[in-house]
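Trainee:
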Amino acid sequence: MTGPLFFRQVLRSPAAAAKFETFYQQQCHRFTSAAVKQETHQSTAKNDGGDGGRGKGKWVTVPPYTSTVNVDSLGRRLSRRDIEAQNESIRTTMSALKWVVRCCPHLPQSLVQKLFRLRQVRRDCIEGDVDCSGDAQERRLKRVGAKDLMKKGERVFLPISVQGSSPVKKQKKYECSEEEMNFIRGLELYKDSAIIAINKLPKLPVQGGIGIKKSLDELEATCLRYDSNEPPRLVHRLDRDSSGILVMGRTQTSTAILHSVFREKTIGTLENNEIDWGKMILQKRYLALVFGVPKHCKGLISAPLAKVLVDDGKSERITIADRASSSQHAITEYRVFETSDYGYTWLELCPATGRKHQLRVHCAEVLGTPIVGDYKYGWQAHRRWEPLAPSPNEKFVEAKPDPLGLDLEFGSITEKQPHLHLHCKQMVLPNISLALDHVSPDSDYDFSKLESVNLVAPLPLHMQKSWDLLKYLAQQSS
Numbered sequence: 026m027t028g029p030l031f032f033r034q035v036l037r038s039p040a041a042a043a044k045f046e047t048f049y050q051q052q053c054h055r056f057t058s059a060a061v062k063q064e065t066h067q068s069t070a071k072n073d074g075g076d077g078g079r080g081k082g083k084w085v086t087v088p089p090y091t092s093t094v095n096v097d098s099l100g101r102r103l104s105r106r107d108i109e110a111q112n113e114s115i116r117t118t119m120s121a122l123k124w125v126v127r128c129c130p131h132l133p134q135s136l137v138q139k140l141f142r143l144r145q146v147r148r149d150c151i152e153g154d155v156d157c158s159g160d161a162q163e164r165r166l167k168r169v170g171a172k173d174l175m176k177k178g179e180r181v182f183l184p185i186s187v188q189g190s191s192p193v194k195k196q197k198k199y200e201c202s203e204e205e206m207n208f209i210r211g212l213e214l215y216k217d218s219a220i221i222a223i224n225k226l227p228k229l230p231v232q233g234g235i236g237i238k239k240s241l242d243e244l245e246a247t248c249l250r251y252d253s254n255e256p257p258r259l260v261h262r263l264d265r266d267s268s269g270i271l272v273m274g275r276t277q278t279s280t281a282i283l284h285s286v287f288r289e290k291t292i293g294t295l296e297n298n299e300i301d302w303g304k305m306i307l308q309k310r311y312l313a314l315v316f317g318v319p320k321h322c323k324g325l326i327s328a329p330l331a332k333v334l335v336d337d338g339k340s341e342r343i344t345i346a347d348r349a350s351s352s353q354h355a356i357t358e359y360r361v362f363e364t365s366d367y368g369y370t371w372l373e374l375c376p377a378t379g380r381k382h383q384l385r386v387h388c389a390e391v392l393g394t395p396i397v398g399d400y401k402y403g404w405q406a407h408r409r410w411e412p413l414a415p416s417p418n419e420k421f422v423e424a425k426p427d428p429l430g431l432d433l434e435f436g437s438i439t440e441k442q443p444h445l446h447l448h449c450k451q452m453v454l455p456n457i458s459l460a461l462d463h464v465s466p467d468s469d470y471d472f473s474k475l476e477s478v479n480l481v482a483p484l485p486l487h488m489q490k491s492w493d494l495l496k497y498l499a500q501q502s503s
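Our numbering numbers the first residue of the sequence shown as 26 and each following residue consecutively.
The following block contains the structure:
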């Protein structure tokens, strides 16, 4: 006989009831003791990793906070676009979470967020804090929230357990050969403590991707790092087939300021119907060899661009679009630099905005003069392509070492398949290094008087050959 009925009959006996009561009390004491023991253990663990002296040696200290540059405000000051921006502070505040992420890039951001969420992050308990009275002063440390703003000189403490966490997986560093390093460093046009500028070669991709074995982004991280703790960072891009000036930031701060400068240039253009190039914070000039001659010797192109997918979505193409929400405003100033009797024209192009394939589309679809070597937007012109014969007195140019295999000695208008004839020959931008020297909380420096950096890049070999040939032919026909 089993079940609830059996137990009820047994418990009716006084002796059985007494035994059951004794057993019940023993079990309650057992579970209560275990719970108290566990709670005491947890409390001890909290104290060991808790505030102040009792947790000595249990913390990882983050470097003291130093006020950072408000890159957006500094960008507006440099652009002189907004009078009110001159009164803005160029020093900015930062939350505790952002400061820890910035100082500890080796820690996964998800881990840092978890530490703040579990209230395991501490900071100095400085004089004047509400919580720094009585017992809190003895502890010396107080909890800090993720959104709490940092104060100058303040330190943040992380649990010692972060030392055993798995670091962020870093991208495998490309190892340059000595020949490649000398080759890339030979492209330098300018270098200071804030930026580095190179003369990018045609056929050299800026970033990696499918089918790209070596990109400038990989090469510069090793070849152009020098003694800095940080690799150079890309600020803008050039098409793989184009050449010319490419600027990179050497620090995280200078890169952010350059991003703001490039953004402010476009914002200022969109807000004004007319372009005052003398007040433009950033100026870029390109030289392009195009088929045909524009109707006007100079002008301003204002035609928005939009992206369309072709080949069943496998590739994309930029085209002129109406002023729909999906289009991007694009402005280019152009002027005829020199014409040729052989159906070519050298154009100087000054983009006021920086849209993808902007110059190539504006030349092909607005001016009707596609750029030589642009098979994407000028394929019809290349169907009738006939290369010119080289001049008899063409200067022999010794081929330089080409460890990247770019075939730089080919691609002029004497070849069956010319390279893209689009080159960023000049760029004028603010002296970021000098601007950072004048950044201070009490500084009243007039950034409108800041001197500029004027970068000039010589033509690539294939464009120089085309230039010399057309010059020679012009002299022969005169």
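In this text, a Cβ means the ideal position worked out from N, Cα and C, and glycines have one as well.
Return the residue from the list Tyr-359, Gly-398, Ala-482, Pro-415 that minimises the CA-CA distance to His-407.
Mentor: Gly-398
Trainee: Helix, strand or coil for Thr-278, going by three-state DSSP, please let me know.
Mentor: helix
Trainee: Assign Leu-241 to one of three DSSP states: helix, strand, or coil.
Mentor: helix
Trainee: Among residues of its own chain, excluding the 5 on either side of Tyr-497, which ones have a beta-carbon nearer than 7 Å to its beta-carbon?
Mentor: Ser-416
Trainee: Assign Trp-124 to buried or exposed, taking buried as 16 or more other Cβ atoms, counted over all protein chains shown, within 10 Å of its Cβ.
Mentor: By the neighbour-count criterion, in which a residue is buried when 16 or more other Cβ atoms sit within 10 angstroms of its Cβ, Trp-124 is buried.
Trainee: Pick out the complete alpha helix (DSSP H) segments inside the region 320–395, 4 residues or longer, and give them in chain order.
Mentor: 383–386
Trainee: Going by alpha carbons, who is nearest to Lys-167 out of Ala-414, Val-391, Ala-121, His-448?
Mentor: Ala-121
Trainee: What residue from Asn-254, Asp-266, Arg-288, Val-335 has the CA that sits closest to Thr-276's CA?
Mentor: Asn-254
Trainee: What first and last residue would you give for the beta strand (DSSP E) that runs through Met-452?
Mentor: 447–455
Trainee: Do Leu-429 and Ser-267 have their C-beta atoms closer together than 8 Å?
Mentor: no
Trainee: For Gly-211 and Phe-362, I'd like the C-alpha separation in whole angstroms.
Mentor: Rounded to the nearest whole angstrom, the CA to CA distance from Gly-211 to Phe-362 is 29 Å.
Trainee: Taking the DSSP output, what are the residues bridged to Arg-168?
Mentor: Arg-147
Trainee: Helix, strand or coil for Val-137, going by three-state DSSP, please let me know.
Mentor: helix
Trainee: Take the Cβ of Arg-102 as the centre, count every other Cβ of all protein chains shown within 10 Å, and call the residue buried at 16 or more, exposed below.
Mentor: buried
Trainee: Are Pro-329 and Ser-352 close, meaning C-beta to C-beta below 8 Å?
Mentor: yes
Trainee: In terms of alpha-carbon separation, which member of Ala-222, Ser-285, Arg-310 lies closest to Met-273?
Mentor: Comparing C-alpha distances from Met-273 to each of Ala-222, Ser-285, Arg-310 shows the shortest one belongs to Ala-222.
Trainee: Can you tell which of Ser-458, His-487, Gly-317, Ile-396 has its C-alpha closest to the C-alpha of Glu-419?
Mentor: His-487
Trainee: When you compare each of Ser-327, Ile-237, Ser-340 to Cys-388 by their alpha carbons, which one comes out closest?
Mentor: The option with the nearest alpha carbon to Cys-388 is Ser-327.
Trainee: May I have the straight-line CA-CA distance separating Glu-213 from Thr-439, to the nearest angstrom?
Mentor: Spanning the two alpha carbons is a distance of roughly 29 Å.
Trainee: By alpha-carbon positions, which one of Glu-179, Phe-208, Arg-127, Gln-308 ends up nearest to Leu-431?
Mentor: Phe-208
Trainee: What residues are listed by DSSP as bridge partners for Lys-1?
Mentor: Residue 1 falls outside the range modelled here, since the chain spans only 26 to 503, and no answer is possible.
Trainee: Mark Gly-403 as exposed unless 16 or more other C-beta atoms lie within 10 angstroms of its C-beta, in which case mark it buried.
Mentor: buried
Trainee: Would you decide whether Ala-219 is buried or exposed? Buried here means 16 or more other CB atoms lie within 10 Å of its CB.
Mentor: buried
Trainee: Exposed or buried, which one is Thr-86 when buried takes at least 16 other CB atoms within 10 Å?
Mentor: exposed
Trainee: Going by DSSP in three states, Met-273 sits in which element: helix, strand or coil?
Mentor: Collapsing the DSSP output to three states places Met-273 in a strand.
Trainee: Less than 8 Å between C-beta atoms, sequence neighbours within five positions excluded: which residues of the same chain meet that for Ser-340?
Mentor: Leu-334
Trainee: Output the distance between the C-alpha atoms of Trp-492 and Cys-129, rounded to the nearest integer angstrom.
Mentor: 52 Å
Trainee: Give the DSSP bridge partners of Trp-492, in chain order.
Mentor: Beta-bridge pairing links Trp-492 to no other residue.
Trainee: If you follow the alpha helix (DSSP H) that Val-481 is in, where does it begin and where does it stop?
Mentor: That residue, Val-481, is in no alpha helix (DSSP H); its beta strand (DSSP E) goes 477–481.
Trainee: Pull up the CB-CB distance for Leu-283 and Leu-271, whole angstroms please, since I reckon it's below 8 Å.
Mentor: Going by Cβ atoms, the distance from Leu-283 to Leu-271 rounds to 12 Å, so no, they are not a contact pair.
Trainee: I need the DSSP call for Leu-122, collapsed to helix, strand or coil.
Mentor: helix
Trainee: How would you label Ile-235, buried or exposed, when you count the other beta carbons within 10 angstroms and need 16 or more for buried?
Mentor: exposed
Trainee: Between which residues of its own chain and Cys-375 is the CB-CB distance below 8 Å, once the five residues before and five after are set aside?
Mentor: Excluding the 5 residues flanking it on each side, Cys-375 has same chain C-beta neighbours closer than 8 Å at Trp-302, Gln-308, Lys-309, Arg-310, Tyr-311, Thr-357, Glu-358, Tyr-359, in chain order.
Trainee: Please name the residue in Leu-459, Pro-426, His-261, Pro-483 whose C-alpha comes closest to that of Gln-451.
Mentor: Pro-483
Trainee: Please name the residue, chosen from Asp-336, Gln-383, Pro-319, that lies closest to Thr-394 on a Cα-to-Cα basis.
Mentor: Pro-319
Trainee: Since Phe-182 sits in a beta bridge, which residues does DSSP pair it with?
Mentor: Thr-86, Arg-147.
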